[in-house]
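Going letter by letter, the sequence shown gives residues 1 to 221 in our numbering.
Just so you know, even glycine gets a beta-carbon here, dropped at the ideal spot from N, CA and C.
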Amino acid sequence: MTAAAAENPASRPQDRRHRRTMRTRAAIEAAALKLFAEQGFASTTVEQIAEAADIAPRTFFRHFPSKDAVLFGDPGRETERMREVLAARPAGEHPMRSLAAALLDAAERIEQDRAQHLMRAELLDGLEHAGDYELHLIRQRWVEDMAALVAERTGAGGDDPRTVAYSITLMSCFGSAMHSWLVGTGGTPLREILAQVLDETAGGLAQAADVVGSAVRGSAR
Numbered sequence: 001m002t003a004a005a006a007e008n009p010a011s012r013p014q015d016r017r018h019r020r021t022m023r024t025r026a027a028i029e030a031a032a033l034k035l036f037a038e039q040g041f042a043s044t045t046v047e048q049i050a051e052a053a054d055i056a057p058r059t060f061f062r063h064f065p066s067k068d069a070v071l072f073g074d075p076g077r078e079t080e081r082m083r084e085v086l087a088a089r090p091a092g093e094h095p096m097r098s099l100a101a102a103l104l105d106a107a108e109r110i111e112q113d114r115a116q117h118l119m120r121a122e123l124l125d126g127l128e129h130a131g132d133y134e135l136h137l138i139r140q141r142w143v144e145d146m147a148a149l150v151a152e153r154t155g156a157g158g159d160d161p162r163t164v165a166y167s168i169t170l171m172s173c174f175g176s177a178m179h180s181w182l183v184g185t186g187g188t189p190l191r192e193i194l195a196q197v198l199d200e201t202a203g204g205l206a207q208a209a210d211v212v213g214s215a216v217r218g219s220a221r
């Protein structure tokens, strides 16, 4: 039996549907960002985005709940993707290692379309209520979602401060790497910048822990 014949036939239509969905989402995002840049976010309607993407408005709402979701991203979708990545990690792995793997997955997906993310960053910078792109990445929703995933994975209680600490640390590093990648002109891949930021942060955290640990041990004498 050939490898092609051994494949699960049910998986092929599913793969095609997924690719078609991704193409439609990408077309909607490209059309929306172009309109936002040309005529402003507030002046752009869902109907205009749908027309530019050559789809019906109802199709738009099957992919995005609102035009805000196109500009700011879909936290729920990213959370589900992160849950999938975490579920595939070894059970006894440290949560920060698992989260780093999930962020690497995100970085590799983001890296495929730097121009679109740069356009989104410029649009967000132009909106008074939006703030900087890196701050958007580490906004409370992301931290809370990541902390919840860590707690879900480890069985930690809601009052365990480590889940939030892990999330804030990793998302801060990711946001800083994203900012450097977007404004940089050297062509360094996002994953390499992220690796450098994480490496230097890990070294600093180890030294910080040593200072605090020494102080605690000293006060216990």
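| Asked | Found |
| --- | --- |
| Spatially closest choice to Val-85 from Val-70, Leu-103, His-94, by CA coordinates | Leu-103 |
| Inter-residue Cα distance where the pair is Arg-17 and Ala-50 | 20 angstroms |
| Test item: CB-CB of Ala-107 and Leu-170 under 9 angstroms | no |
| Local conformation of Ser-98 per DSSP, three classes | helix |
| Contacts around Glu-7, its chain only, beta-carbon distance under 8 angstroms, and the 5 residues preceding and following it disregarded | Residue placement at Glu-7 is poorly supported in this model, since its pLDDT is 48, which falls under 50; the coordinates still yield a value, given next. Cβ neighbours of Glu-7 beyond the five flanking positions: none. |
| N- and C-terminal bounds of the alpha helix (DSSP H) containing Glu-111 | Element bounds for Glu-111: n/a, residue is neither H nor E. |
| Cβ neighbour criterion (16 or more within 10 Å) applied to Asp-68 | exposed |
| Assigned secondary structure, Ala-106 (DSSP; H/G/I helix, E/B strand, else coil) | helix |
| Selected residue, minimal CA-CA separation from His-63, among Ala-206, Ile-28, Glu-192 | Ile-28 |
| Contact between the region 87-101 and the region 28-47 (3+ Cβ pairs under 8 angstroms) | no |
| Inter-residue CB distance, Ala-53 and Ala-31 (contact presumed, cutoff 8 angstroms) | 4 angstroms |
| Member of Gln-196, Val-150, Lys-34 whose CA lies at the smallest distance from the CA of Glu-122 | Lys-34 |
| Neighbourhood of Gln-140 by C-beta, 8 angstroms cutoff - its chain only, sequence neighbours within 5 removed | none |
| Where the alpha helix (DSSP H) through Phe-174 begins and ends | 161-183 |
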